[in-house]
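Enquirer: Count along the sequence shown starting at 1, add 7, and that's the number in our numbering.
Okay, handing you the structure first.
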Amino acid sequence: MSKVYEDTKFLMKKYGITANKKLGQNFLIDENVIDTIVNTSEISSDDLVIEIGPGLGTLTQKLLQKAGKVIAIELDERMISILKDRFFIYHNFEIINEDVLKVDLNKLIKENKEQLGLKRTKIVANLPYYITTPIIMKLLEEKLNIESITVMIQKEVADRLTAIPGGKNSGAITYTVYYYATSEEVLTVPNNSFIPEPEVESEVIKLNLRKEPVIKVKDEKKFFSLIKSAFMQRRKTLLNAIGNSGLNTTKEQMEQILKELDIDTKVRGEALTIDQFAKISEKL
Ligand code: SAM
Numbered sequence: 008m009s010k011v012y013e014d015t016k017f018l019m020k021k022y023g024i025t026a027n028k029k030l031g032q033n034f035l036i037d038e039n040v041i042d043t044i045v046n047t048s049e050i051s052s053d054d055l056v057i058e059i060g061p062g063l064g065t066l067t068q069k070l071l072q073k074a075g076k077v078i079a080i081e082l083d084e085r086m087i088s089i090l091k092d093r094f095f096i097y098h099n100f101e102i103i104n105e106d107v108l109k110v111d112l113n114k115l116i117k118e119n120k121e122q123l124g125l126k127r128t129k130i131v132a133n134l135p136y137y138i139t140t141p142i143i144m145k146l147l148e149e150k151l152n153i154e155s156i157t158v159m160i161q162k163e164v165a166d167r168l169t170a171i172p173g174g175k176n177s178g179a180i181t182y183t184v185y186y187y188a189t190s191e192e193v194l195t196v197p198n199n200s201f202i203p204e205p206e207v208e209s210e211v212i213k214l215n216l217r218k219e220p221v222i223k224v225k226d227e228k229k230f231f232s233l234i235k236s237a238f239m240q241r242r243k244t245l246l247n248a249i250g251n252s253g254l255n256t257t258k259e260q261m262e263q264i265l266k267e268l269d270i271d272t273k274v275r276g277e278a279l280t281i282d283q284f285a286k287i288s289e290k291l
């Protein structure tokens, strides 16, 4: 058995921890996977790292050895004292006991970078799978000043996030990711790399944030509502999906727009490119 497996078992026994399924607790016990996450995130002493869901601190320890500062955000109070005990010798460690979805990350990043003179911010995590999508959406939509997001997520979601918009596996979130970032699939991770084992296969992905969104869109809100409406009823043609959506457009108006743009009026939303969505949203 690996050292990280032994350490995890030891910590769980010492502190009487059983994994809380509701909080998506699957602790990493595979040294190679941990090293891959850390190496992929390319951390240096100039970096502020925000780790979401540090759990028992397996990944945190390696991050602390490389980063200028690590801020770990953990919801489970039981982990807080363990992490404090474990990492009290590190002066570059801060722990926040909060739901990550409620944390003002913009403020946190700005204050820490200014105070410590750190150059870049990177997000690293073995994410709690039950809230993968809201977390990724928050990280992108809040337009944080971050360089990259390296995360372990369920494979099915990874395929969606890293798909080409309009291609196989694409969903509404594919367009959001592509708009803000480039993406890469780094490593498929088997279930036995965790205790307890998750019920789904996992994958490490990396998103590199673009300096500017990939295309210029006049009204982002309208653009993303259009995409969301199109995927809400993805089996329908765009015309039928839009007709029933909350967008302020009739089926007839949409038909006219598609004709003007030379797009097949029987097209389904999932077949449209990001440019086509942008052009349609500009005519709405
Ligand atoms: N990083 C550890 C590892 O790799 O072994 C644990 C990863 S585990 C998949 C996910 C972690 O996220 C758990 O520690 C869980 O308590 C924490 N978590 C769950 N929901 C959270 C939330 N809303 N905000 C912050 N942390 C959360």
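Here a beta-carbon is modelled for each residue, glycine too, at the ideal position from N, C-alpha and C.
1) Would you identify the three-state DSSP class for residue 268, choosing helix, strand or coil?
2) Quick check on residue 54: buried or exposed, where buried means 16 or more other Cβ atoms within 10 Å of its Cβ?
3) With respect to 7 angstroms, is the separation between the Cβ of residue 160 and the closest non-hydrogen atom of ligand 1 below this value?
4) Using a Cβ-Cβ cut-off of 7 angstroms (strictly less than) and excluding sequence neighbours within five positions of residue 41, which residues of its own chain qualify?
5) Any heavy atom of ligand 1 inside 7 angstroms of the beta-carbon of residue 82?
6) Let's see if you can read the secondary structure: which residues bound the alpha helix (DSSP H) around residue 282?
7) Considering only heavy atoms of ligand 1, does any lie closer than 7 angstroms to the CB of residue 61?
8) Run the CB neighbour count on residue 17, radius 10 Å, all protein chains shown included, and call it buried at 16 or more, exposed below.
9) Below 7 angstroms, is the gap between the Cβ of residue 35 and the nearest heavy atom of ligand 1?
10) Leaving aside the five residues before and after residue 297 along the sequence, list all residues of the same chain whose C-beta is less than 7 angstroms from its C-beta, in chain order.
11) Mind listing, in chain order, the continuous alpha helix (DSSP H) runs of no fewer than 4 residues lying wholly within the stretch 117 to 189?
12) Using only the heavy atoms of ligand 1, determine whether one of them is closer than 7 angstroms to the beta carbon of residue 65.
13) Let me know the secondary structure DSSP gives residue 10 once reduced to three states.
14) Return the CA-CA distance between residue 285 and residue 268, expressed in angstroms with no decimal places.
15) Could you tell me which residues DSSP puts in a beta bridge with residue 81?
16) Quick check: is any heavy atom of ligand 1 less than 7 angstroms from the C-beta of residue 86?
17) Please return the same chain residues whose Cβ sits closer than 7 angstroms to the Cβ of residue 193, not counting the five positions on each side in sequence.
18) To which residues does DSSP link residue 94 through a beta bridge?
19) Is there at least one non-hydrogen atom of ligand 1 closer than 7 angstroms to the beta-carbon of residue 107?
20) From the DSSP secondary-structure annotation, give me the bridge partner or partners of residue 57.
21) Run through the DSSP bridge pairs and tell me what residue 209 is partnered with.
22) In chain order, what residues of the same chain have a beta carbon less than 6 angstroms from the beta carbon of residue 8, not counting five sequence neighbours either side?
23) Could you tell me which of 134, 14, 30, 38 sits nearest to residue 57, measuring between CA atoms?
24) Whole angstroms are fine: how far does the CA of residue 271 sit from the CA of residue 247?
25) In terms of residue numbering, what span does the alpha helix (DSSP H) encompassing residue 7 cover?
26) Can you tell me where the alpha helix (DSSP H) with residue 38 in it begins and where it stops?
27) For residue 228 and residue 93, I'd like the C-alpha separation in whole angstroms.
28) Where do the N-terminal and C-terminal ends of the alpha helix (DSSP H) with residue 68 fall, by residue?
Expert: The answer reads as follows:
1) The sequence position of residue 268 within the sequence shown is 261, counting from 1. Reduced to three states, the DSSP call for residue 268 is coil.
2) Here the question's residue 54 lines up with position 47 in the sequence shown. That one is buried.
3) Sequence index remark: in the sequence shown, residue 160 carries index 153 (1-based). Answer for residue 160: no, Cβ out of range of ligand 1.
4) Numbered from its first residue, the sequence shown carries residue 41 at position 34. Cβ within range, chain order: 11, 35, 65, 66, 69.
5) One-based indexing of the sequence shown puts residue 82 at position 75. Yes, the beta carbon of residue 82 sits closer than 7 angstroms to at least one heavy atom of ligand 1.
6) The count along the sequence shown starts at 1 and reaches residue 282 at position 275. That run of the alpha helix (DSSP H) goes 281 to 290.
7) For this step, residue 61 is matched to residue 54 along the sequence shown. Yes; taking the cut-off as 7 angstroms, the Cβ of residue 61 has a heavy atom of ligand 1 nearer than that.
8) What you label residue 17 is simply residue 10 of the sequence shown in a count that begins at 1. Result: exposed.
9) The residue labelled residue 35 in the question sits at position 28 within the sequence shown. Yes, the Cβ of residue 35 comes within 7 angstroms of a heavy atom of ligand 1.
10) Because residue 297 is not part of the residues shown, which for the chain are 8 to 291, the question remains open.
11) 139 to 148, 162 to 168, 179 to 187
12) Residue 65 sits at position 58 when you count from the first residue of the sequence shown. Yes, the beta carbon of residue 65 sits closer than 7 angstroms to at least one heavy atom of ligand 1.
13) Mapped onto the sequence shown, residue 10 falls at position 3. Residue 10: helix per DSSP, three-state reduction.
14) By one-based count along the sequence shown, residue 285 stands at place 278. By one-based count along the sequence shown, residue 268 stands at place 261. Straight-line Cα distance between these residues: approximately 11 angstroms.
15) Locating residue 81 in the sequence shown gives position 74, counting from the first residue. DSSP output for residue 81 lists 104 as bridge partner(s).
16) Within the sequence shown, residue 86 is the residue found at index 79, counting from 1. Yes, the beta carbon of residue 86 sits closer than 7 angstroms to at least one heavy atom of ligand 1.
17) Translated into the one-based positions of the sequence shown, residue 193 becomes position 186. 43, 47, 211, 212, 213, listed in sequence order.
18) Position 87 of the sequence shown, counted from the start, is the residue given in the question as residue 94. Paired residue(s): none; residue 94 is not in a bridge.
19) Looking up residue 107 in the sequence shown gives position 100. True, at least one ligand heavy atom lies under 7 angstroms from that Cβ.
20) Within the sequence shown, residue 57 is the residue found at index 50, counting from 1. Looking at the DSSP assignment, residue 57 forms a beta bridge with 78, 130.
21) For this step, residue 209 is matched to residue 202 along the sequence shown. Paired residues: 161, 196.
22) The residue you call residue 8 lines up with position 1 of the sequence shown. Contacts found: none.
23) Counting from one through the sequence shown, the residue named residue 57 turns up at place 50. With distances taken between Cα atoms, residue 57 lies closest to 134.
24) Mapped onto the sequence shown, residue 247 falls at position 240. Mapped onto the sequence shown, residue 271 falls at position 264. Using only the alpha carbons, I get a separation of about 13 angstroms.
25) Since the first residue of the chain shown is 8 and the last is 291, residue 7 is not available in this structure.
26) Here residue 38 refers to the residue found at position 31 of the sequence shown. Element bounds for residue 38: 38 to 47.
27) Counted from its first residue, the sequence shown places residue 228 at position 221. Counted from its first residue, the sequence shown places residue 93 at position 86. If you take the alpha carbons of residue 228 and residue 93, they lie about 44 angstroms apart.
28) Mapped onto the sequence shown, residue 68 falls at position 61. First-last of the alpha helix (DSSP H) with residue 68: 65 to 73.
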